[in-house]
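Reminder that position 231 of the sequence shown reads as 231 in the UniProt record's numbering, one-by-one numbering, no gaps.
Cβ atoms here follow ideal geometry from the backbone N, Cα and C, with glycine treated the same way.
All remarks here apply to the structure that follows.
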Amino acid sequence: MVGAPRSMIGAAAAPPGAAGASVAGMVGRYGEDVLAGDWRRRRVVPEVDAEADLVVEDVDSGFCGAVVGFESGAVVLEDRHGRRRNFPLLPAAFLLDGQPVTLRRPARSPVPAARRRTASGSVAVAGVRAQVAKASRIWVEGVHDAALVERIWGDDLRIEGVVVEPLDGIDDLDARVRDFGPGPTRRLGVLVDHLVPGSKESRIVAGVTSAHVLVTGHPYVDVWQAVKPAALGIAAWPVVPPGRPWKEGVCAALGVASPADMWRRVLSRVDSFADVETPLINAMERLIDFVTEPSA
């Protein structure tokens, strides 16, 4: 019925004078007047622009995070641990301050791609290619250290043009440094495991005195131990008795067949800097700053 009042739509077949009885019948059947009160307002779910940094919760999964962008028509949320997930923009699919909302893509320009963060927590720079490798280098003790550094800081290092090279231990570190020939435009950073006062490693490091070399490290027996136990689903790293190889002792305690199997498990659980301990993060950030600092 074109132009009919909203209250008459769907009631045209009722005989004259029956409208009141019809409403009364519904009241008696359901216990309340379904047409009374603010039912229209209660059923309206507000639409909200998915602005950058707006914090919402996905109703179905409970994932809570800030808006960081859009991909393939879905909104990208990042939680406080740096984990990201994509969610379709479905009606009433999110909670904002505990209330259901429908997110919509803002009419203006979307969140800049530069807001994306690398695994190290740095802001990713869109459209920048990796630089040609500089003369400066970062050395780490072994292939496991190199793989872990690549997993977290690889994007940053490629943009800076810094190569990470694994050593086979640091017993001959002083000689290796002399062969490298560090200088103002050829700096060297070295990451050392178990760098604590009184250790063999601390005595070796003391022999490196070049102003163009920075040697730093972390207190853990092996770089494995720099990965947070929670990332592996364990309460703590096993305590290995003195005199027993540490990696083999860890494998025995955790029921893993071999160090190779254990390492694959460790590396697979590292997604970002949030999965490793602070001393490793601090050491690597110092080394990257040192080897990329402009020469005077």
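Range of the contiguous alpha helix (DSSP H) that encloses residue i
i    : result
G249 : W246 to L254
F290 : T278 to T292
L173 : L173 to F180
E201 : K200 to V205
D261 : P259 to S268
L232 : P229 to L232
Residue j beta carbon less than 8 angstroms from that of residue i
i    : j    : result
A50  : R105 : yes
E94  : V59  : With the sequence shown as reference, residue 94 is identified as Phe, and Glu is not the correct amino acid for it. Cβ distance < 8 angstroms, so F94 and V59 count as in contact.
P279 : H218 : yes
A211 : R269 : no
V177 : R137 : no
D275 : K200 : no
G69  : S272 : no
L103 : V56  : yes
L267 : A147 : yes
P182 : V205 : no
R80  : F63  : no
L254 : P238 : yes
Beta-bridge pairing of residue i - partner residues as DSSP gives them
i    : result
P100 : L95
P166 : V140
D58  : F94
T216 : L191
A226 : Paired residues: none, contrary to the question.
G183 : R186
Opening and closing residue of the beta strand (DSSP E) in which residue i lies
i           : result
A66         : C64 to E71
R84         : R84 to P88
residue 297 : Nothing about residue 297 can be reported from this structure: the residues present for the chain run from 1 to 296 only.
G189        : L188 to V192
D49         : E47 to D49
V75         : A74 to E78
Cβ separation of residue i and residue j, assumed to be a contact under 8 angstroms, to the nearest whole Å
i    : j    : result
D174 : V208 : 6 angstroms
F87  : A107 : In fact, because the Cβ distance is near 20 angstroms, the residues do not count as touching under 8 angstroms.
T216 : A135 : Their Cβ separation, rounded to whole angstroms, is 20 angstroms, which puts T216 and A135 out of contact at 8 angstroms.
H144 : W263 : 6 angstroms
V140 : L96  : Not confirmed; about 45 angstroms, so no contact.
A160 : T292 : Sequence check: residue 160 is Glu here, not Ala. The pair is a contact, with the Cβ atoms about 5 angstroms apart (cut-off 8 angstroms).
Next on the checklist: Under 8 angstroms, with one C-beta from each stretch per pair, do the segment 280-293 and the segment 142-157 reach the 3-pair mark?
Outcome noted: Using a Cβ-Cβ distance cut-off of 8 angstroms, the segment 280-293 and the segment 142-157 are in contact, since at least three pairs of beta carbons, one from each stretch, lie closer than that value.
Checklist entry - With contact counted as at least three CB pairs below 8 angstroms, one residue from each stretch, are the segment 245-252 and the segment 215-235 in contact? => result They touch, by the three-pair rule.
Next on the checklist: Could you check whether the segment 185-205 touches the segment 164-176, counting it as contact only if at least three pairs of C-beta atoms, one from each stretch, sit closer than 8 angstroms?
Outcome noted: These segments touch.
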